[in-house]
Every structure is written in C-alpha cells, then in structure tokens.
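All remarks here apply to the structure that follows.
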Amino acid sequence: MSTTEVRLSGFGGQGLITAGIILAEAAILDGKNAVQSQSYGPEARGGASKAEVIISDGDIEYPKVGDADVFLAMSQAACDKYAKALRPSGVLIVDTDHVKNVPAFSGKTYSVPITKIAVRETGKELVANIVALGVLVGLTGLVSREALETAVLDRVPPKTKDLNKQALAAGFAAAEEILGKEGE
Amino acid sequence: MSIEELLERYTRRDKLPHIWCPGCGNGIIMGAVIRALDQAGVDQKKTVIVSGIGCSSRAPGYMKFDTLHTTHGRALAYATGVKLARPELKVVVLTGDGDCAAIGGNHLIHAARRNIDLTVVVFNNDIYGMTGGQYSPLTPQGSYATTAPYGTVDRNFDLCELVKAAGGTYVARGTTYHTRMLIDLISAGLGHKGFSFIEVVSQCPMYYGRKNKLASAVAMLEWQKEHAVPVKAAAKLTPEQLKGKFVIGELHREEAPEYTEVYAEVVARARGEEK
Amino acid sequence: MANDRRAQLLSGNEACVRGALAAGVRFFAGYPITPSTEIAEGLAAALPKVGGTFIQMEDEIASMGAVIGASLAGVKAMTATSGPGFSLKQENIGFAAMAEVPCVIVDVQRYGPSTGLPTSPAQGDIMQARWGTHGDHPIIALMPASVRETFDLTVEAFNLAEELRTPVILLLDEIVGHMRERVELPPDESVHVVNRTKPVEDPETFQPYKPGPNLVPPMPAFGDGYHFHVTGLAHDESGFPTGRGQDADRLVRRLHAKIQNRKPPVARAEEWQLEDAEIVVVAAGSVARSARAAVREARVRGIKAGLLRPITAWPFPENEVREAARRAAAMIVPELNLGQIVREVERVSGGETKIVPLNRIDAELITPAEILERIQEVAAHVD
Chain A
725 MSTTEVRLSG
735 FGGQGLITAG
745 IILAEAAILD
755 GKNAVQSQSY
765 GPEARGGASK
775 AEVIISDGDI
785 EYPKVGDADV
795 FLAMSQAACD
805 KYAKALRPSG
815 VLIVDTDHVK
825 NVPAFSGKTY
835 SVPITKIAVR
845 ETGKELVANI
855 VALGVLVGLT
865 GLVSREALET
875 AVLDRVPPKT
885 KDLNKQALAA
895 GFAAAEEILG
905 KEGE
Chain B
5 MSIEELLERY
15 TRRDKLPHIW
25 CPGCGNGIIM
35 GAVIRALDQA
45 GVDQKKTVIV
55 SGIGCSSRAP
65 GYMKFDTLHT
75 THGRALAYAT
85 GVKLARPELK
95 VVVLTGDGDC
105 AAIGGNHLIH
115 AARRNIDLTV
125 VVFNNDIYGM
135 TGGQYSPLTP
145 QGSYATTAPY
155 GTVDRNFDLC
165 ELVKAAGGTY
175 VARGTTYHTR
185 MLIDLISAGL
195 GHKGFSFIEV
205 VSQCPMYYGR
215 KNKLASAVAM
225 LEWQKEHAVP
235 VKAAAKLTPE
245 QLKGKFVIGE
255 LHREEAPEYT
265 EVYAEVVARA
275 RGEEK
Chain C
8 MANDRRAQLL
18 SGNEACVRGA
28 LAAGVRFFAG
38 YPITPSTEIA
48 EGLAAALPKV
58 GGTFIQMEDE
68 IASMGAVIGA
78 SLAGVKAMTA
88 TSGPGFSLKQ
98 ENIGFAAMAE
108 VPCVIVDVQR
118 YGPSTGLPTS
128 PAQGDIMQAR
138 WGTHGDHPII
148 ALMPASVRET
158 FDLTVEAFNL
168 AEELRTPVIL
178 LLDEIVGHMR
188 ERVELPPDES
198 VHVVNRTKPV
208 EDPETFQPYK
218 PGPNLVPPMP
228 AFGDGYHFHV
238 TGLAHDESGF
248 PTGRGQDADR
258 LVRRLHAKIQ
268 NRKPPVARAE
278 EWQLEDAEIV
288 VVAAGSVARS
298 ARAAVREARV
308 RGIKAGLLRP
318 ITAWPFPENE
328 VREAARRAAA
338 MIVPELNLGQ
348 IVREVERVSG
358 GETKIVPLNR
368 IDAELITPAE
378 ILERIQEVAA
388 HVD
C-alpha cells in the first residue's frame, strides 16, 4: 500500500487550503483515497495557513500529516516551521519569492519562483496556488495531470477557468524545465 | 357574542379558574385578547398562542387554541420558528414586562427588526409577579420592589418607542382600564401584516401595589384613568404637560415588507436558479 | 483513470448538510460559530431550494427556540453550534426533552473551556451533552468518526428524534467536521427516513401526551386542529401543568424509558478485532481513527489488541463495554479531554479490568504512535 503525505503552508490568502482540496479531489478522480485537513489562525488574510493531504491506495485512518513526503513552502515562516517535519527522502518545494533562506535538507529541494511565474504568465498573483499545484504535480507525479486539471476546473469560478488553466500549464512547464535541466 | 359564548368557544373551561390573584389585570387582558381574536375573525384552528414565563405567560393555557408555553424570555424566538415553518398560521405572543423587556429583550428588538408577522401583547404590570415582586425594566424609576427596598435605581424603558425604533410596523399602548380601546388596538394589531406590538399597562395590586402604596386594584385603575392620555389629546400637549403621563392608542403604523413574504421570494429565486 | 466520479471529497460539516437534507430537514436556525459555520452556510443555500427555511437568529438561544417552534409546527428542524453556543442552548434543549419536541442539535466540539481555541479540536463536551441542561433528562448523542459516518449519523439523528420525540445531539469534533475525505454517498431515495407518528384520534378526546405502544405520544402539528398545549412545566397526559409529584415522576420516567427500552437499542458501538483482544482501546470520534491505526499496528507486532468504538456517546453502550471489560486484561481510553468517556468505562466495567486513560489537551489529535506506545506498555505488564 502506498501512501503519500503532503503539506502545503504559507500565508492565509494564498489559496493553499483550496490547493489542498484540489489535490485531494484530483487523487479521487484518479481512483485513489484521499484525506485533506487544514489549520489556520483567526485572520482571513495574512496569518499562517496550512493544508495537509494524504493520498493512499488504502484506508486512511489518522488524518493528520506527521513527517511529510512532500512539503510546499510559500512563506519563510512556514518553511522554518515545517522543514524539520519532512521525511529524509522527501521533497521540499519553496517559492523563492517568499522563501529566501532555504534550509539544508537530505531529500530533494526545488526552488521555484512560483509567485513570479504566476504574475509573469497570467498577470495575476492570485493564481500562484494553481501554479504551485502544477509545479508540485509536475515534479512528483503524485496525481495525473489530467485529474489535476479536471479538479482545478471543477473547483474554480467559471469565469476564471481560462486563467487557472493558464496558471496550471505554467506550473507544469516550470516543473518540466527543472526536470529537463536535471536530466542534462 | 355573549360572555358565555366567548368562554365556551375560546377558553378551556376545565382549566379555569385561573391562578391569578384577585384584582390582577391579566384576566382583563386575556379577555381583551379573546374578544380581539373574535373581532378580527381569525381562524381558531390556524392560530397559535405562544408565551414565555411569568404570570402573563400562563394565559395561553386557558385558551382553546394551539398553545405553547416556552422558556423564560424566549416566546418570540419560538414564535419565529412556528411562523417561519408555517407562515399561514396566525401567531400571537403573550408576554410580560420582565419576560420580553429583560431576559427576552434581544429577541424583541430582532423580531421587530425583521418585521415578522407576529402579534405581541405585553402584560405590563411593572413587576415580576410570579417570583414575588422584583423590579423589571419597566418598573418606574424610584418605585419600590422586593429587590429595590430603597427604590429602583434603573431607568425604565419606553417599550413602544423601543419597538418602533427597532422596526416594528404596528405599535400601540392600551390599559386594563380602557378595555374597549384595548380590544380594538389588539384587533387592529391582528389585522396588520407585520410585527405588531401592543403594550398593555396593567395592575399588580398584590406586589407592585402593596410595595408602592397603591394597595387596591381600583386605586390602580383610577391611576391609569388619570394618567393615560389618548394619542390625539397628547398631540396638543407640550412635553411639560405630558410629564408623568403616558400616551395610549395607536402610536405607530407603517407598511413594510413582511419577513415570511420576503423569504418566500428567496425560495422562489433559489428554485428558479435551478432550472 | 483520471475521471473517477463515483466518489467525492467532502468535509464532515458538508456531509452533515447532505445527511440532513436526505433525512428531510426543512428548517434550520443558527448563529455563526467556528467550527460549525459551514453547516449553516450549506443549509442557507440548500434549504430554499427544497422549500425549506433557513434563518440566522440573533443569538444561540433564539436559534434553539426557533428550532423547537418550527418542529412543533410540523417540520424537521435542526441547529448547529460549537461549545460556547452549545452551553447557551442548554435550557431550551431541556425544554425539547421535557415537551418531547423532535430536533437535531449539532455540536462541532472545539477546544474549551470558554472561548478556548476556536479552530482547534477537543472532545470536551461529552459530559455536557449528557448533563448540560438542568434536571434528570435523558439524551441521545451520536459521535461519528468519519465523513461518511457523519452523513449516516445525521440521518439517524433525525430518525431517532422523530421516532422518539426527543432532541438528538450529533457530537462532531473539529477534526471530523473540517477534514475532507473521499466518500461515496447513497442516493437520497435509498436512505431510510423516519417521520413522526401523527395522531388519528378525534381532536375532542385527544390526549397529546398519552404514550403510544413504544412509550412515545403521537404528535400533531400546530394548525392541525388539535388545540393542544405544550409546556416545559411538568404535565400529565393532557399536556397541562400538574402540581402533582406523581405525575411528574411518571412523565420523567417515561422520557427515560422510551429511549432505554427502544428496540433495537439506541446505544451502540463498533467492535473491531475484539474477539480475542486482551487490550481493548475504547475511543470515539476522531480519536477512534488513531486508535484503529494503533490496534492494527499492535496486531502486526503480535499484541492482541482490539477497538471498541462508541457510536452513541449517549446512551453509553454499557453492555458492549461491560462485556469487553469482562474479557480484557486492560482497557485504554484515549480522548481529547482530561477524562470523560473513561468515567463511563470505569463505571460500567465495575472493576473487572484495569482502566488506563490517555488524555491530550494540547489542541492536537492523539496520534496512533501514542496509543500504540500505551498499548505496548500495558501489554508488557499483562504478560
């Protein structure tokens, strides 16, 4: 039975809880089991925000993530707090626009200018969470790209479908570029 | 309709005699409510009478309707649920000054704000009678009560002004002395679509009277007669001339959208969107 | 497969909304409070579509009052809240018990006492659900451990409320309420739905509190022409107040008996790996998820552990716990409080077995590792 635990953390307002929900929905579309949970402060915007997703082929009992297999950090504070809670062979993805000090880590670290890509490719910082999902799935293959795209389009407001599609494609492209460089 | 016919049709005769003290105004108010219901021609089978806790709130138990004797202060909350669940029902709330102005004060202002179609009759005897004579938010400042042995410090509410300010669309004040007027005021309230509020200045000779040197019901009714000023007459008086008096009659009436009717539009809209 | 549409991702609070709709809810009154607000939001959107009514009242107390009023007018009614609001609703929950008004109260438990930690989990309201209102009233409280079970137990809460004319409390916790999980929900038409029994008697001779064969009085609605009286005062079968102690005695005993005597029993628990279990973990709600993982791991390590999961917090599944206590060498009771379920386990087990509490009140869910560690400690002493 394979189980992957994912943590997404940053500021409130970055859309990471939505991103967690979309990731879990994509896993379900892939026929897998998924649980998503979250924690947040009293602030609607600007406070700390954390979403956790567990994806598994079997039952998921304990719904919280302990040491994550994949950690996306979109703020320095989140990175400092949770970098330690990563499996040694795990994957750390940081948004270089928000995380300047990347901790040393035994697993794989990917530094990606996620927010910058969102602004550059779509003109909207708002969709950085969707870019992040594209990057995360592009790098890890945690769910199928098709399922992720379906899940994104199911969740977002109809008027923003094209924008989000663009953001997701930008995320996938960024991941491909990184993996391409690795392969060189 | 004769008294006998009214009693037969609208009261639970096996539950009488009532528990109220000799000289209490509650019976007069209940009688006025029954006559007003008859006068307004409400459908007895489609009328629910809701009360809170206190002397006044025992009235529904004597009345042959669907009746609901709730918790202290919450009659308006329960009545709101009844009305929303079945808007075709006529819902009448009988409450006291302590019940609706103190513990239930929040529900009063919000029910008025919503302009939900309820008819509220407040039995205002200026005192908590059931518990034996403690001061209420309507006890005139300086009066005596078992919990105000040196006279009350609290300023008293003008409930009619409060309800009007909160959005009630029919506001009236009557007394247990001016019974004919009282029946008409309640009847008009029953006919009004929206939040109708009738404060009835009543007498509690047992507790308020004895504590305040007004030991007989007759003396208290005399006091009402001398201090009540009808709306029309009051309009011609200066505030100075009205000092120490109180105004009776229909104090406020306006037309405004009623809550359950507006909610019915919400339902239609929500269902329309599904098409 | 990238388009598997059999299942969906739902939170416990969302599943509660779906369950309520499947059970036929037509009225919701509430007041915003974390972590239950999604239930109000969901029903604000859904109820008008089915011709039902949603209202956000001025406070928690009014919400409970409105729910009781709506139920008496003949519709299935509910509210949802969390600790502070649950405290405020208690007096009127007592009224619903006394006057036998069916209704469902959802309490998504959060960290307390007082305002506590509004977005953090706890299981501190188990005793409040039982004893929160004054007087010796009975209560039913259900404790789901998963999103799917939240759907099922929401339906059951309505069914029990309608069948037994009683308030039923659905005790979620913040974790079950907010976690999203893969669920496959049954189609609405396959959901078993119970409606209250209406009287058939002539209104002239009708006694509104005369019990039927299951000790539950048939219930007319306001406006049906029965002219009945409802009060929180002790009353006799006519529904009118009685000053007589023996009438009150008969009433309150019947209120208890209608729940206690119900067949099949209201009280129930899930038993897992219990047949040969020497160490039994008793856990409910979100904690039972960790307990199940711990028991599974203990079995892998050769320890005969089992799980007993109360599905009803109230009535407490006494028979199941008593039976397990008779056979077990020890019972471990993990919970997100300083010991509430454990008191019942101690009471029921009557000294038959060793009881080991495991409590956590730092706003985090007890982990499987913590429970496993306790199982291993206890196992070392058992052998």
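Protein chains in written order, with this note's numbering: chain A, 725 to 908; chain B, 5 to 279; chain C, 8 to 390. Note that CB positions come from ideal geometry on N, CA and C, so glycine has one too.
Quick check on the DSSP output: the beta strand (DSSP E) that includes residue i runs from which residue to which?
i: C110 of chain C; result: C110 to Y118
i: M71 of chain C; result: Careful: M71 of chain C lies outside any beta strand (DSSP E), inside the alpha helix (DSSP H) at E67 to L79.
i: E371 of chain C; result: Where E371 of chain C is concerned, there is no enclosing beta strand (DSSP E), given that its DSSP letter is neither H nor E.
i: N326 of chain C; result: Element bounds for N326 of chain C: not the beta strand (DSSP E) but the alpha helix (DSSP H), E325 to R334.
i: D70 of chain B; result: D70 to H73
i: E259 of chain B; result: Where E259 of chain B is concerned, there is no enclosing beta strand (DSSP E), given that its DSSP letter is neither H nor E.
i: G729 of chain A; result: The displayed chain sequence assigns Glu, not Gly, to residue 729 of chain A. From DSSP, the beta strand (DSSP E) with E729 of chain A extends over T727 to F735.
i: T180 of chain B; result: Here T180 of chain B belongs to no beta strand (DSSP E), and DSSP marks it neither H nor E.
i: R354 of chain C; result: Careful: R354 of chain C lies outside any beta strand (DSSP E), inside the alpha helix (DSSP H) at I348 to S356.
Please look up how many angstroms separate the CB atoms of residue i and residue j, rounded, as I've assumed it's under 8 Å.
i: G139 of chain C; j: A89 of chain B; result: Contact doesn't hold; Cβ gap of about 25 Å is too wide.
i: G232 of chain C; j: K49 of chain B; result: 5 Å
i: V167 of chain B; j: A116 of chain B; result: 5 Å
i: R84 of chain C; j: I46 of chain C; result: Just to set this straight, residue 84 of chain C is Ala in the shown sequence, not Arg. Going by Cβ atoms, the distance from A84 of chain C to I46 of chain C rounds to 14 Å, so no, they are not a contact pair.
i: I63 of chain C; j: G37 of chain C; result: Reading off the sequence shown, one finds Gln at residue 63 of chain C, where the question assumed Ile. Right, the Cβ-Cβ distance comes to about 6 Å (below 8 Å), so this counts as a contact.
Hey, would you say residue i sits closer than 7 Å to residue j, going by beta carbons?
i: N160 of chain B; j: T143 of chain B; result: yes
i: L171 of chain C; j: V223 of chain C; result: yes
i: I841 of chain A; j: A894 of chain A; result: yes
i: I53 of chain B; j: Y14 of chain B; result: no
i: V201 of chain C; j: R155 of chain C; result: no
i: G184 of chain C; j: P42 of chain C; result: yes
i: C803 of chain A; j: V789 of chain A; result: no
i: A149 of chain B; j: K87 of chain B; result: no
i: Q130 of chain C; j: G309 of chain C; result: no
i: G136 of chain B; j: G108 of chain B; result: no
i: S18 of chain C; j: R187 of chain C; result: yes
i: V270 of chain B; j: V251 of chain B; result: no
i: E729 of chain A; j: I778 of chain A; result: yes
i: I100 of chain C; j: P39 of chain C; result: no
i: I120 of chain B; j: T173 of chain B; result: no
Applying the 10 Å Cβ sphere with the 16-neighbour rule, what's the burial state of residue i?
i: K279 of chain B; result: For K279 of chain B, the predicted structure reports a pLDDT of 43, less than 50, and the residue's modelled location is therefore unreliable. A value from the coordinates is still provided. Exposed, by the Cβ-count rule.
i: T264 of chain B; result: buried
i: P881 of chain A; result: exposed
i: I745 of chain A; result: buried
i: I146 of chain C; result: buried
i: D209 of chain C; result: exposed
i: A27 of chain C; result: buried
i: T846 of chain A; result: buried
i: F158 of chain C; result: buried
Following the continuous alpha helix (DSSP H) through residue i, name the residue where it begins and the one where it ends.
i: K832 of chain A; result: Not the alpha helix (DSSP H): K832 of chain A falls in the beta strand (DSSP E), residues K832 to V836.
i: I187 of chain B; result: T183 to G195
i: K883 of chain A; result: Note, K883 of chain A: premise wrong, no alpha helix (DSSP H); not H, not E.
i: A103 of chain C; result: G90 to A106
i: Q760 of chain A; result: Careful: Q760 of chain A lies outside any alpha helix (DSSP H), inside the beta strand (DSSP E) at N757 to Y764.
i: G100 of chain B; result: Looking at the DSSP string, G100 of chain B is not in any alpha helix (DSSP H); the run it does join, the beta strand (DSSP E), is K94 to G100.
i: R137 of chain C; result: I133 to W138
For residue i, which of the options has the nearest alpha-carbon?
i: R731 of chain A; options: A:L872, A:G831, A:A875 and A:E776; result: A:E776
i: K774 of chain A; options: A:I741, A:E729 and A:K808; result: A:I741
i: I286 of chain C; options: C:A47, C:S245 and C:P341; result: C:P341
i: I854 of chain A; options: A:D754, A:A750, A:S726 and A:T728; result: A:A750
i: V859 of chain A; options: A:P837, A:T846 and A:L850; result: A:P837
i: A807 of chain A; options: A:K883, A:G782, A:Y834 and A:A758; result: A:Y834
i: R350 of chain C; options: C:S127, C:A370, C:L28 and C:F323; result: C:F323
i: N221 of chain C; options: C:D254, C:P272, C:D66 and C:S245; result: C:P272
i: I202 of chain B; options: B:L225, B:L218 and B:A176; result: B:A176
i: Q15 of chain C; options: A:D878, A:G847 and A:F829; result: A:D878
i: T156 of chain B; options: B:P141, B:C25 and B:P64; result: B:P141
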